[in-house]
Amino acid sequence: MKSNKLRYGVIGHPITHSLSPKIHQAFAEQLNIQLQYDAIDIKPSEFEQQLTELKQQGYCGFNITVPFKEMAYQLSSQKSTYADIAQAVNTIYFEDQTVVGDNTDGIGFLRDLTINQQFSLLNKRILLLGAGGAARSILLPFIESCGAHIHIANRTVEKADKLAKQCSNQAVISISDFEQIPNENFDLVINATSYSITNDQNNFPQHIFLNNHFFYDLVYNLKSVTPFLQLAKQHGAKKLIDGLGMLIEQAAESFFIWHQIRPETKHMIETLKNKEI
Ligand code: NAP
-14 MKSNKLRYGV IGHPITHSLS PKIHQAFAEQ LNIQLQYDAI DIKPSEFEQQ LTELKQQGYC
46 GFNITVPFKE MAYQLSSQKS TYADIAQAVN TIYFEDQTVV GDNTDGIGFL RDLTINQQFS
106 LLNKRILLLG AGGAARSILL PFIESCGAHI HIANRTVEKA DKLAKQCSNQ AVISISDFEQ
166 IPNENFDLVI NATSYSITND QNNFPQHIFL NNHFFYDLVY NLKSVTPFLQ LAKQHGAKKL
226 IDGLGMLIEQ AAESFFIWHQ IRPETKHMIE TLKNKEI
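Using our numbering, the first residue of the sequence shown is number -14, and each one after it goes up by one.
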């Protein structure tokens, strides 16, 4: 018998550890929406074909995760400005034949930082480490909502340069590699590198840990402190936030795009922090 539930899902490879199905089901229960939300593993070479088939099966939209965000951007026929700057899409939905692509990572980060963490961006100096997809996703929503001065540092400085040029008409942005990061105080240090996943060699200069006390790592770890936050902790950092709140807030924003209603997130963040689901 065909279910009359709305069908959504998250597509990635691998996808078994994704928290998105639990998060979206919990949002749906909270708002009394009948929803089916699946974790779908697709081989990278089959992404386009499978997406078409899933649409034909009646899915209304998807979250897109590693390694498909850039591919989803290419396949979207209509894209938001946030998706354009990020060159990556984490949320899609279908309007007849149109695949609409958006990126909610930046809004998710911003909501976690400013609402959940109560951090005011006014006149702050921010150090952003990384210039990959996640850094590209957070930069525009971030600078739209503040007059902050942002220094972007990346291992490959050319990527930081390209990103800064895309947004330089809207904010004061300086760039460097890690070695040339100014030896001064920042109000917030954001780690948007994948160092906490790879946990390999890093060349973050020590002074960024000695000079600063508020560190936000986009990577989250439900079991322990992320490797980047461990580095900061060893140097005496006072405030350490990982990407769990961002994950839940970006999911809430996708939920809002699909269902035009915003779920409450605080309870979910606490529940996941306490590993209750
Ligand atoms: P990406 O596009 O592959 O970019 C990786 C970035 O990390 C690049 O800037 C890269 O520098 C840098 N990097 C890699 N290894 C490094 C190391 N050992 N030391 C210093 N820099 C290093 O990945 P992404 O999509 O931006 O994702 C970055 C992280 O954000 C991921 O680990 C992901 O888990 C996290 N994220 C979290 C959320 C959330 O909801 N919480 C959402 C999105 C992403 P080069 O350019 O020089 O290679």
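Ideal Cβ placement from N, Cα and C applies to all residues, glycine included.
Taking 8 Å as the limit between beta carbons, can you name the residues of its chain near residue i, skipping five residues before and five after?
{"i": "Leu16", "result": "His244, Ile246, Pro248"}
{"i": "Thr1", "result": "Ala24, Asp26"}
Rounded to whole angstroms, what's the CA-CA distance from residue i to residue j? Just pull it up for me.
{"i": "Phe213", "j": "Asn139", "result": "15 Å"}
{"i": "Asn75", "j": "Ala119", "result": "11 Å"}
{"i": "Tyr180", "j": "Pro190", "result": "14 Å"}
{"i": "Glu38", "j": "Leu125", "result": "33 Å"}
{"i": "Gly(-3)", "j": "Asn48", "result": "9 Å"}
{"i": "Phe104", "j": "Asn(-11)", "result": "42 Å"}
{"i": "Leu4", "j": "Glu80", "result": "26 Å"}
{"i": "Phe94", "j": "Lys258", "result": "17 Å"}
{"i": "Ile18", "j": "Pro167", "result": "50 Å"}
{"i": "Phe135", "j": "Gln41", "result": "Looking at the sequence shown, residue 135 is not Phe but Ile. Rounded to the nearest angstrom, the two C-alpha atoms are 44 Å apart."}
{"i": "Lys28", "j": "Tyr78", "result": "21 Å"}
Helix, strand or coil for residue i, going by three-state DSSP, please let me know.
{"i": "Val142", "result": "helix"}
{"i": "Tyr(-7)", "result": "strand"}
{"i": "Arg110", "result": "strand"}
{"i": "Leu39", "result": "helix"}
{"i": "Gly117", "result": "coil"}
{"i": "Asn88", "result": "coil"}
{"i": "Phe213", "result": "helix"}
{"i": "Ile158", "result": "strand"}
Apart from the five residues on each side of it in sequence, which residues of its chain come closer than 6 Å, Cβ to Cβ, to residue i?
{"i": "Asn101", "result": "Gly230"}
{"i": "Leu(-9)", "result": "Leu20, Cys45"}
Quick one: residues in its chain with C-beta nearer than 7 Å to the C-beta of residue i, no 5 flanking neighbours on either side, listed in chain order?
{"i": "Phe163", "result": "Ala138, Arg140, Asn188, Phe189, Pro190"}
Does the structure place the segment 191 to 203 close enough to the segment 216 to 224 that three or more beta carbon pairs sit under 8 Å? yes
Meets three-Cβ-pair contact criterion under 8 Å: the segment 23 to 39 and the segment 61 to 71: no
Across the segment 108 to 115 and the segment 157 to 176, are there enough close Cβ pairs to call them in contact, namely three or more that are closer than 8 Å? yes
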